[in-house]
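Visitor: In order, the protein sequence lines correspond to chains A and B.
In case it helps, this note's numbering puts the first sequence at residues 2 to 704.
In case it helps, this note's numbering puts the second sequence at residues 116 to 186.
Beta carbons: idealized from backbone N, C-alpha and C, even for Gly.
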Amino acid sequence: MLVTEKPTAARKIAFALDDSRSPQEIKKGKTSYFECKRGNDELVVVYALGHLFELQQTEKGWTYPRLENKWVPKYEVDKKATNIKPIIALIKRLSKNIDKFVVATDYDIEGSLIGYLTLLYACKTDPNNAARMRFSSLTENELGHAFDNMDTLDFPLIESGQVRHEVDWLYGINMTRALTLSIKKAAGWFKIVSTGRVQGPALSYVAQRENEINLFVPLPYWMIQVLAHHNNKELELEYFKKRIATMSDGEAVVESLSGQTAIVDKVSRRTVTQQPHPPFSLSSLQSEAYRHLGYKPSRTLALAQSLYLNSAISYPRTSSEQLPDTLDYKAILTGLSSMKNYTTMAKTVLKGPLKPIQGKKTDPAHPAIHPTGEKPAKRLTPSEKKLYDLIVRRFFSVFGEPLVKDHLRADIVCENHKLYTRGLQIQKLGWAEFYGPFFKTKEKALPDINEGDSVHLTSVDAEEKHTLPPARFNPASLLKLLERENLGTKSTRSRIVDSVRSRGYTIGDKFELSTLGYALYETLDHYMSVMLSSEMTRQLEKEMEDIQQRKTDRDTVLAKIKTSLLAILVEFKEKEDRIGEDLVKGLQRYWKETEELGSCPKCGDGILRIVQSPKTGKRFVGCSNYKDGVCDQTFPLPQKGTITPLEKVCPHCDHQMIKVISGRRAWETCINWTQCPGRQEDLKALDERRAKQSKKKAGEKKS
Amino acid sequence: MTECPICGRGRQEKFCSYHQTAFDNMKEMHTKWETAAGLSWEDYLDKIGQLEDTGRWIREVIEFITQQDGL
Chain A
2 MLVTEKPTAA
12 RKIAFALDDS
22 RSPQEIKKGK
32 TSYFECKRGN
42 DELVVVYALG
52 HLFELQQTEK
62 GWTYPRLENK
72 WVPKYEVDKK
82 ATNIKPIIAL
92 IKRLSKNIDK
102 FVVATDYDIE
112 GSLIGYLTLL
122 YACKTDPNNA
132 ARMRFSSLTE
142 NELGHAFDNM
152 DTLDFPLIES
162 GQVRHEVDWL
172 YGINMTRALT
182 LSIKKAAGWF
192 KIVSTGRVQG
202 PALSYVAQRE
212 NEINLFVPLP
222 YWMIQVLAHH
232 NNKELELEYF
242 KKRIATMSDG
252 EAVVESLSGQ
262 TAIVDKVSRR
272 TVTQQPHPPF
282 SLSSLQSEAY
292 RHLGYKPSRT
302 LALAQSLYLN
312 SAISYPRTSS
322 EQLPDTLDYK
332 AILTGLSSMK
342 NYTTMAKTVL
352 KGPLKPIQGK
362 KTDPAHPAIH
372 PTGEKPAKRL
382 TPSEKKLYDL
392 IVRRFFSVFG
402 EPLVKDHLRA
412 DIVCENHKLY
422 TRGLQIQKLG
432 WAEFYGPFFK
442 TKEKALPDIN
452 EGDSVHLTSV
462 DAEEKHTLPP
472 ARFNPASLLK
482 LLERENLGTK
492 STRSRIVDSV
502 RSRGYTIGDK
512 FELSTLGYAL
522 YETLDHYMSV
532 MLSSEMTRQL
542 EKEMEDIQQR
552 KTDRDTVLAK
562 IKTSLLAILV
572 EFKEKEDRIG
582 EDLVKGLQRY
592 WKETEELGSC
602 PKCGDGILRI
612 VQSPKTGKRF
622 VGCSNYKDGV
632 CDQTFPLPQK
642 GTITPLEKVC
652 PHCDHQMIKV
662 ISGRRAWETC
672 INWTQCPGRQ
682 EDLKALDERR
692 AKQSKKKAGE
702 KKS
Chain B
116 MTECPICGRG
126 RQEKFCSYHQ
136 TAFDNMKEMH
146 TKWETAAGLS
156 WEDYLDKIGQ
166 LEDTGRWIRE
176 VIEFITQQDG
186 L
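(1) Taking beta-carbon pairs under 8 Å, can you tell me which members of the segment 153-171 of chain B lie near chain A?
(2) Is the CB-CB distance between A:I427 and A:E452 below 8 Å?
(3) Less than 8 Å between the C-beta atoms of A:I707 and A:S478, yes or no?
(4) Less than 8 Å between CB atoms is the rule here; does B:K129 satisfy it with respect to chain A?
(5) Go through its chain and collect everything with a Cβ distance to A:G112's Cβ below 7 Å, but skip five positions before and after it.
(6) Determine the burial state of A:E213: buried for a count of at least 16 other Cβ atoms within 10 Å of its Cβ, exposed for fewer.
(7) Residues of the segment 468-481 of chain A in Cβ contact with chain E at a cutoff of 7 Å, in chain order, please.
(8) Report the three-state DSSP secondary structure of A:M134 (helix, strand or coil).
(9) Could you list which residues in chain B have their beta carbon closer than 7 Å to that of A:P277, in chain order?
(10) If we count the other Cβ atoms within 10 Å of its Cβ and call it buried at 16 or more, is A:I370 buried or exposed?
(11) Quick one: which residues of the segment 126-151 of chain B get their C-beta closer than 9 Å to a C-beta of chain A? List them in chain order.
(12) Is there a C-beta anywhere in chain A that falls below 8 Å from the one on B:I173?
(13) Closest by CA to A:M2, which one among A:I392, A:S515, A:P128, A:Q323?
(14) Output the residue ranges of the alpha helix (DSSP H) runs that lie fully inside the segment 296-369 of chain A and measure 4 residues or longer, sorted by chain position.
(15) May I have the straight-line CA-CA distance separating A:L204 from A:T262, to the nearest angstrom?
(16) Using 8 Å for Cβ pairs, my map puts A:L56 next to A:N70. What's the rounded Cβ distance?
(17) Considering only the alpha carbon of each residue, which of A:I662, A:P639, A:M658 lies closest to A:L687?
(18) Would you tell me roughly how many angstroms separate the C-alpha atoms of A:T507 and A:R496, rounded to the nearest one?
(19) Would A:L286 and A:K563 be called neighbours here (beta carbons separated by less than 8 Å)?
(20) In whole angstroms, what is the alpha-carbon distance linking A:H231 and A:L480?
(21) I'd like to confirm the pairing. Which residues does DSSP put opposite A:R423 in its beta bridges?
(22) Can you confirm whether the segment 144-151 of chain A touches the segment 17-24 of chain A when touching is taken to mean that 3 or more C-beta pairs between the two stretches lie within less than 8 Å?
(23) Less than 8 Å between CB atoms is the rule here; does A:V498 satisfy it with respect to chain B?
(24) Do you know how far the Cα of A:S195 is from the Cα of A:V585?
(25) Listing by chain order, which chain B residues have their CB less than 8 Å from the CB of A:T247?
(26) Quick one: Cα of A:K97 to Cα of A:A123, how far?
(27) Name the residue from A:D462, A:H656, A:D683 whose alpha carbon lies nearest to the alpha carbon of A:A253.
(28) Per DSSP, which one or two residues make a beta bridge with A:V650?
(29) For A:R270, which residues of its own chain have a beta-carbon under 6 Å away from its beta-carbon, when the five flanking residues on both sides are left out?
(30) Please list, in chain order, the chain B residues whose beta carbon lies closer than 9 Å to that of A:I214.
(31) Which value, in whole angstroms, describes the spacing of the CA atoms of A:L302 and A:I92?
(32) When Cβ atoms are compared, which residues of the segment 216-234 of chain A fall closer than 9 Å to chain B?
(33) Across which residues does DSSP place A:M224 in a beta bridge pair?
(34) In chain order, which alpha helix (DSSP H) runs of at least 4 residues are fully inside the segment 138-206 of chain A?
(35) In its own chain, which residues sit with a C-beta less than 6 Å from the C-beta of B:G185, not counting the 5 before and 5 after it?
(36) Is B:G185 helix, strand or coil by DSSP?
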């Protein structure tokens, strides 16, 4: 029996291992498995759906500390995971007549743990007797090779994965409960406020950056702008000092240069060669995909995973920036040459020496992300196509010649002032030719200028500029910071980055800290800064690495962690009242800012609030006096996107204004938008758009 | 401990820790603006209040002290 991680992987593996390439899919209710034959072996290929088993608390009570747990079927913890039950039942039943078990999940920490737990709790077999297939792509060749060269299970890796789950469970459950219960005790509300081992430090980074931005005072400086005439052409010159500190100094430079004639002192050319960028690791792919395609890291990971399951690329959860010599570059490039978009490029690369540039980072389990050369079995979605194009072009470019560019510069002097003008010329594109749309640079020709030429300065100005605050994080930069600080893993970081926003701690794409985020950060920073500390998490990561290297073991690490967690929880309990009070104050500020829309125009003394109907789940604006049966004022709201109350009223109807952000679109409207005399045109346009959309949908259904 | 007149958080000095740091920061930066552009305190408040990149807490302090008719 081969235990795989997902249905798509099971199908691929069964197909690759079956001698006749026609495995049989046996359907059992809503689930299925595959039967195939390889030589004398009869193979049963079953699949999981990611993790089939999760940790569950063994002691009673929704309180803390809770330090004991056990692995149970996922549907016992997550009531929505009903699709897991028939899968576990099927694996249990099929396991009865099996001679040999093989783990064929993704070869990484999570994949190994999924396989191990499935063997232990569903197959009810001893994992010590099982075998492990190790592969980095779902291509026939690699899967065949992995099956013929199976190994034993990697127990240190599994143990480390198990500890990671246990530690995350211990911290997540206990800290979230501690925070939530402190609010309940202070105000009687049940509002879940979550934090975790990595989420706390991630929130702390965002909050510290927000502090810097909120405290920022721009400082002035002056930039000298010079326009000159040379051979009847206008030239823009730069002053040798980028920033002049005072207005009087700026004015002095202007006075000294205005109307003067400067002399070209020197014209120089500096040739620079630039090697290709190294092959993609997951984080460099996520960063480049965000930069060029605007995909957030979690989306890039999901798309890359889908391309991997489609056999189009190698395993994406890798830290490596290196392609091993054992990789058959020629076969991959030949495969790519059969795809019409890549024929010319693949053939060009094939003509050269197939020696790729290598990066510094390595990963013992997987090579850098690369195309397999196989045509994707399934048609790619537009987003998958774009990411695939980025991966393929990066792969071509690592075999490319260096890019050669000339930096040109003319130094110009006028009395004791230095000016210059610059140009950039690309001599040879090299690898950048393959990287195509993902290579961006601006060429700028140097004007026809020679040493000794005179240049007349026609306009000299000192423009006042101001220093800028540090930039807010975006999903890619926060992910990069977590990686640099060694927090979380390549598989979990993008989820953590998403969670900071999905929990309401930040607003918008730019990770602007919300009032709720502030409330949590400032309370923890004041009373329990250890819960925000990256030091503790980094130490845990190191211990988990040590387990993988057999320098320590699960029991030792867990005992240590439980002791330190208990100490944190005891301290929390002592400060619970004060923490609860501060969180409640913060939550009140948060709700006021995000849900309150001023006083009610109908009853006058009620407060308008954004509320959600418990029956339909739809949101609308209602009056706080409704519960007392005094006022029934309501206003409809757009159902999609996030709504932020604005501190202004509508110029047409005097109702409160709101900002709606849905996807990449953001607009402002008033809460009275359906009746507002100034918005009837917008309403008409919306109706027309909706009618058009439903017509289009009806057409699609018909076809 | 009473409340910060700007945000209602607890305070040890004139403002809460955030707005107090903002106020101290503003005072420190004024000397730099004075040297660079010769701005008086009032002109400086007016100037930075209009700049897009001035921090939120700084703006809130400016608004407060302007309403209080200067400090």
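Guide: To lay it out plainly:
(1) G153, I163, L166, D168, T169, G170, R171
(2) Translated into the one-based positions of the first sequence, residue 427 of chain A becomes position 426. Translated into the one-based positions of the first sequence, residue 452 of chain A becomes position 451. In this structure, A:E452 does not lie closer than 8 Å to A:I427 by Cβ.
(3) With chain A covering only 2 through 704, there is no way to say anything about residue 707 of chain A.
(4) Position 14 of the second sequence, counted from the start, is the residue given in the question as residue 129 of chain B. B:K129 does not count as touching chain A.
(5) Taking the first sequence and counting its residues from 1, the one referred to as residue 112 of chain A is at position 111. Closer than 7 Å at Cβ, skipping near neighbours: E6, T106.
(6) The residue labelled residue 213 of chain A in the question sits at position 212 within the first sequence. Label assigned to A:E213: exposed.
(7) Within the model displayed, chain E is absent; protein chains A and B are what it includes.
(8) Along the first sequence, read from residue 1 onward, the residue named residue 134 of chain A stands at position 133. Residue state, collapsed to three classes: coil.
(9) As a working note, residue 277 of chain A is residue 276 in the first sequence. Correct list: empty, because the minimum Cβ distance to chain B is about 37 Å.
(10) Within the first sequence, the letter at position 369 stands for residue 370 of chain A. Label assigned to A:I370: buried.
(11) S132, Y133, T136, A137, N140, M141, E143, M144, H145, K147, W148, T150, A151
(12) Within the second sequence, numbered from 1, the residue matching residue 173 of chain B stands at position 58. Taking Cβ atoms only, chain A reaches closer than 8 Å to B:I173, which makes this a yes.
(13) Stepping through the first sequence from its first residue, residue 2 of chain A is reached at position 1. When only C-alpha atoms are compared, the closest one is A:P128.
(14) 298-310, 330-338, 344-352
(15) Taking the first residue of the first sequence as position 1, residue 204 of chain A is located at position 203. Taking the first residue of the first sequence as position 1, residue 262 of chain A is located at position 261. Rounded to the nearest angstrom, the two C-alpha atoms are 56 Å apart.
(16) Position 55 of the first sequence, counted from the first residue, corresponds to residue 56 of chain A. Position 69 of the first sequence, counted from the first residue, corresponds to residue 70 of chain A. Yes, they are in contact, since the Cβ atoms of A:L56 and A:N70 sit about 4 Å apart, within 8 Å.
(17) Taking the first sequence and counting its residues from 1, one reaches residue 687 of chain A at position 686. Closest option to A:L687, Cα to Cα, is A:P639.
(18) Within the first sequence, numbered from 1, the residue matching residue 507 of chain A stands at position 506. Within the first sequence, numbered from 1, the residue matching residue 496 of chain A stands at position 495. Their backbone Cα atoms lie some 15 Å apart in a straight line.
(19) Here residue 286 of chain A refers to the residue found at position 285 when the first sequence is read from its first residue. Here residue 563 of chain A refers to the residue found at position 562 when the first sequence is read from its first residue. No; because the gap between Cβ atoms is not below 8 Å, this pair is not in contact.
(20) As a position in the first sequence, residue 231 of chain A is number 230, starting the count at 1. As a position in the first sequence, residue 480 of chain A is number 479, starting the count at 1. So the alpha carbons of these two residues sit roughly 49 Å apart.
(21) By 1-based counting over the first sequence, the position of residue 423 of chain A is 422. A:R410.
(22) yes
(23) Mapped onto the first sequence, residue 498 of chain A falls at position 497. Chain B, which has no Cβ nearer than 8 Å to the Cβ of A:V498, makes this no.
(24) Your numbering for residue 585 of chain A matches position 584 in the first sequence. Your numbering for residue 195 of chain A matches position 194 in the first sequence. If you take the alpha carbons of A:V585 and A:S195, they lie about 14 Å apart.
(25) Taking the first sequence and counting its residues from 1, one reaches residue 247 of chain A at position 246. Per Cβ cutoff of 8 Å: T150, A151, A152.
(26) In the first sequence, counting from the first residue as 1, residue 97 of chain A sits at position 96. In the first sequence, counting from the first residue as 1, residue 123 of chain A sits at position 122. Distance between the alpha carbons of A:K97 and A:A123: 11 Å.
(27) Your numbering for residue 253 of chain A matches position 252 in the first sequence. Cα-wise, what sits closest to A:A253 is A:D462.
(28) By 1-based counting over the first sequence, the position of residue 650 of chain A is 649. DSSP, once it has assigned bridges, lists A:Q657 as partnering A:V650.
(29) Start at 1 with the first residue of the first sequence, and residue 270 of chain A comes out as number 269. Once the five neighbours on either side are set aside, the close Cβ partners of A:R270 are D407, L409.
(30) By 1-based counting over the first sequence, the position of residue 214 of chain A is 213. Within chain B, the residues near A:I214 are D168, G170, R171.
(31) As a first step, residue 302 of chain A is located in the first sequence; it is residue number 301 there, counting from the start. As a first step, residue 92 of chain A is located in the first sequence; it is residue number 91 there, counting from the start. Their Cα atoms are separated by approximately 29 Å.
(32) L216, F217, V218, P219, L220, P221, Y222, W223
(33) As a position in the first sequence, residue 224 of chain A is number 223, starting the count at 1. DSSP, once it has assigned bridges, lists A:E464 as partnering A:M224.
(34) 141-149, 156-188
(35) For the purposes of this step, residue 185 of chain B is taken as the residue at position 70 of the second sequence. In this prediction, B:G185 scores a pLDDT of 47, lower than 50, which makes its location untrustworthy; no coordinate-derived value is stated.
(36) On the second sequence, residue 185 of chain B is found 70 positions in, with the first residue counted as 1. Because B:G185 sits at a pLDDT of 47, beneath the cut-off of 50, its placement in the model cannot be relied upon, and the following sentence gives the value as read from the coordinates. Of the three classes helix, strand and coil, the one that applies to B:G185 here is coil, per DSSP.
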